[in-house]
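One structure below.
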DNA sequence: GGCGGAAAGAGAGCAGTGCTCTCGGGATGA
DNA sequence: TCATCCCGAGAGCACTGCTCTCTTTCCGCC
């Protein structure tokens with residue numbers, strides 16, 4: 651049962667997040683200002699507080715929306731590759747992360763850059779959408795493993811505390827992979843976002859090493875090797 | 651010739667950066683406030699503008715100081731390992747980056763996290779100190795390569811634009827390494843900071859995968875392999 | 001030793017921020 | 001029809017960066 655008032659409210663909420671995204675892209679996360687959003691909305695600043703409890707709540711909204719967008723983009727890219735071609739699926743995942751990050755650098759910074767001062771993301775709202783990419787990556791690895799197409803990596807001894815942590819991943823993701831693969835999976839996961847982050851945040855310097863796209867393909871090839879995805 | 655006034659000025663400058671570091675650690679980069687620094691300094695806000703042109707200039711000061719601290723820490727850690735033990739040197743480098751980042755998470759976020767809105771780091775002041783770690787990493791690889799202790803990685807074809815970018819690295823760092831090693835070097839460099847960033851920025855979740863230190867050792871082992879540092 | 005000039009701090013002021021409060025008008029639902 | 005409740009307006013508080021002017025203080029030169 652949606653009353654006209656409900657619909658008007660939903661429209662205004664959408665407007666607010668839309669304008670928020672614009673400001674995020676234009677001025678960055680920490681510069682997100684409710685007053686400015688209100689101005690663009692054509693409304694006085696206090697009125698926005700009818701819809702959003704605080705600036706932090708708006709940040710959380712944009713955070714979740716960002717995770718979902720990234721997850722959707724990666725899902726779509728991976729789904730476009732036949733399920734058996736595990737290595738290509740991994741490449742598609744990586745490329746999707748990179749191109750989404752390049753399209754939405756400010757949102758990417760909100761998700762994976764340093765924390766916004768004075769703002770702590772509420773885990774209960776953000777962990778689920780935030781784990782979509784690593785989950786999918788591990789699913790790709792698991793699919794390859796299930797058909798014997800994953801080279802089991804040689805890793806050093808895995809201590810008990812770490813093994814417990816890996817059990818946490820296994821149960822949270824309902825995925826069955828040997829410890830060695832999980833460890834390498836975490837390495838590859840963090841490395842992937844390290845590479846993307848360096849490019850998006852400009853660590854490669856002004857010339858961006860000449861050809862960042864080609865460089866990224868080499869990253870992916872190396873990381874696929876680390877994960878054990880040969881063919 | 652340092653007059654008493656000069657010395658007093660230098661002392662005040664030190665005080666300002668010291669207090670700035672404190673605030674950075676306590677409240678984060680984007681929350682750095684000149685007024686708050688002035689209060690802690692026991693002085694009215696306008697007075698600090700006698701020493702620091704703007705908030706951005708203070709940020710740059712802290713940025714350069716951070717890069718230098720990190721560089722010093724890494725240099726010291728690597729120098730403590732015999733020059734021949736290339737793999738151990740690489741491990742020492744990685745561990746030093748991680749432990750410095752964990753000690754100074756806010757400064758780390760300033761250096762490698764998302765950009766502070768409205769602030770663009772002046773490259774001419776920050777590139778030199780900012781490249782100390784990758785330079786040292788490549789020097790380790792070069793030392794291993796020079797004595798034939800580096801496994802040449804098998805990488806895909808390297809196009810011309812990327813090769814030009816790699817030439818830039820070679821000339822900037824005055825280091826002679828084959829393209830393949832350089833490409834892998836960049837992968838390892840970005841991956842290292844990806845792993846450290848994930849841990850420092852809390853991407854591993856509240857339980858931090860049980861044993862982040864052990865996990866990081868596995869990261870390093872995998873990355874040493876990517877770089878070709880076997881023994 | 002004294003004095004001119006430079007440096008440094010004080011304080012007011014402007015425009016902006018997040019957020020709270022109260023108030024009035026108007027659509028909504030009984 | 002009418003009471004209710006929602007929503008926007010506006011004032012206000014405490015904070016921010018930064019600029020300007022004014023006064024004090026100290027330094028170095030003659």
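Residue numbers (my numbering), protein chains in the order written: chain R, 651 to 881; chain V, 651 to 881. C-beta atoms are modelled at their ideal positions from N, C-alpha and C, and glycine is treated no differently.
- Going by DSSP, residue 680(R) is part of no alpha helix (DSSP H) at all; its letter is neither H nor E.
- In this structure, residue 804(V) lies away from residue 710(V), with their beta-carbon atoms at least 8 Å apart.
- Using a Cβ distance threshold of 8 Å, residue 766(V) and residue 680(R) count as a contacting pair.
- Proximity of residue 859(V) to chain R, defined by a Cβ-Cβ separation below 8 Å, is satisfied.
- What residue 848(V) touches in chain R, judged by beta-carbon distance under 9 Å, is 762, 836, 839, 840, 843 and 844, going in chain order.
- About 5 Å separates the Cβ atoms of residue 841(R) and residue 844(V), confirming a contact at the 8 Å cut-off.
- Within 8 Å of the CB of residue 777(V), the CB atoms of chain R belong to 855, in sequence order along the chain.
- The Cβ-Cβ distance between residue 736(V) and residue 790(V) falls below 8 Å.
- Rounded to the nearest angstrom, the gap between the Cα atoms of residue 682(V) and residue 819(R) is 37 Å.
- Straight across, the Cα-Cα distance linking residue 670(R) with residue 712(R) is about 7 Å.
- Nearest neighbour of residue 780(V) by Cα position, chosen from 850(V), 728(V), 730(V) and 716(V), turns out to be 716(V).
- Residue contact check for residue 740(V) against chain R: no CB pair falls below 8 Å.
- Taken through DSSP and simplified to helix, strand or coil, residue 813(V) comes out as helix.
- In the DSSP assignment, residue 715(R) falls within the alpha helix (DSSP H) that extends over 705-729.
- Here residue 694(V) is exposed: its Cβ has fewer than 16 other Cβ atoms, across all protein chains shown, within 10 Å.
- Going by C-alpha positions, residue 707(R) is about 38 Å away from residue 700(V).
- Interface with chain V (8 Å Cβ-Cβ cutoff): residue 679(R) is included.
- By the 16-neighbour rule on beta-carbons within 10 angstroms, residue 849(R) is buried.
- Residues 827 and 831 of the same chain have their beta carbon placed closer than 7 Å to that of residue 795(V), with the five preceding and five following residues left out of the count.
- The CB of residue 800(R) never comes closer than 7 Å to any CB in chain V; the least such distance is about 15 Å.
- Take residue 880(V), set aside five residues on each side of it, and the residues of its chain with a beta-carbon closer than 6 Å to its own are 801, in chain order.
- For residue 662(V), the CB contacts under 8 Å within the same chain, skipping 5 residues up- and downstream, are 691 and 701 in chain order.
- Scanning the stretch 810-862 of chain V from its first residue to its last, the whole alpha helix (DSSP H) runs of 4-plus residues come out as 810-823 and 829-850.
- Interface flag for residue 868(R) against chain V is set, since a Cβ pair is found closer than 8 Å.
- If you draw a straight line from the Cα of residue 677(R) to the Cα of residue 799(R), it is about 46 Å long.
- By the Cβ neighbour-count rule, residue 797(V) is exposed, with fewer than 16 other Cβ atoms within 10 Å of its own.
- Contact annotation: residue 855(V) and residue 777(R) have beta-carbon atoms nearer than 8 Å.
- For residue 785(R), the enclosing alpha helix (DSSP H) covers residues 782-796.
- In this structure, residue 877(V) lies away from residue 833(V), with their beta-carbon atoms at least 8 Å apart.
- With its beta carbon at least 8 Å from every one in chain R, residue 708(V) lies outside the interface.
- When the alpha-carbon of residue 785(V) is set against those of 687(V), 722(V), 755(V) and 697(V), the nearest one is in 722(V).
- Following the DSSP letters along the chain, one finds residue 758(V) inside the alpha helix (DSSP H) bounded by residues 755-762.
- Remark: C-beta atoms of residue 860(R) and residue 811(V) approach each other more closely than 8 Å.
- Not flagged as an interface residue toward chain V: residue 753(R), since no C-beta distance is shorter than 8 Å.
- In terms of beta-carbon proximity, residue 692(V) stays away from the interface with chain R, with every pair separated by 8 Å or more.
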